[in-house]
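In full-length UniProt numbering, the protein residues as written are 1 to 110. Glycine included, C-beta positions come from ideal geometry on N, C-alpha and C. Note that the structure is predicted; figures quoted are calculated from it, not measured. Notes follow once the structure below has been shown.
In C-alpha cells, the structure reads:
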C-alpha cells in the first residue's frame, strides 16, 4: 500500500511562492490570495484525511477477515493433529518402543 506524500510547505514562502513580504491588509489582493491558498490547503488536508480514514477502515476489515481465517485454520490444524495422534502409534523415546510400520504402508515424512 502506498501513501501520497504532501509537499512540504515552507513557512517563509508567501502565497504563490513568494518570500513572505506581502502584508495582509483588508481588501488587498494579497489577502484574498492568501485566504484562497489557505482554503485550498484546508480542502486538501480534509481530502487526505478522508482518504486515510477509508484506508484505515479497509485495513481494519482486512485484519478482521485475516484473524477469522487464522482462527478457522487453527481449529483445522488442531483437528488434523488429533487425527494424526489417533492414527499413528503412540511411541515415546523413553519407553523403549520400537514399533515399525508394516511393509504395506509407505514411509511417511512429516
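(request) Would you tell me roughly how many angstroms separate the C-alpha atoms of residue 50 and residue 43, rounded to the nearest one? (result) The sequence position of residue 50 within the chain shown is 50, counting from 1. The sequence position of residue 43 within the chain shown is 43, counting from 1. C-alpha separation (whole angstroms): 11 Å.
(request) Check residue 88 in the structure and name its three-state DSSP category. (result) Stepping through the chain shown from its first residue, residue 88 is reached at position 88. Coil at residue 88, not helix or strand.
(message) Looking only at its chain, what residues have a beta carbon closer than 8 Å to the beta carbon of residue 53, apart from the 5 residues adjacent to it on each side?
(response) Walking along the chain shown from the start, residue 53 turns up at place 53. Excluding residues within five positions, none has a Cβ falling inside 8 Å.
(request) Determine the direct distance from the alpha carbon of residue 33 to that of residue 22, and round the result to whole angstroms. (result) If you number the chain shown from 1, residue 22 lands on position 22. If you number the chain shown from 1, residue 33 lands on position 33. Because residue 22 sits at a pLDDT of 48, beneath the cut-off of 50, its placement in the model cannot be relied upon, and the following sentence gives the value as read from the coordinates. One C-alpha to the other measures close to 11 Å.
(request) Under 6 Å Cβ to Cβ from residue 61, same chain only, skipping five residues before and after it: list those, please. (result) Locating residue 61 in the chain shown gives position 61, counting from the first residue. Contacts found: none.
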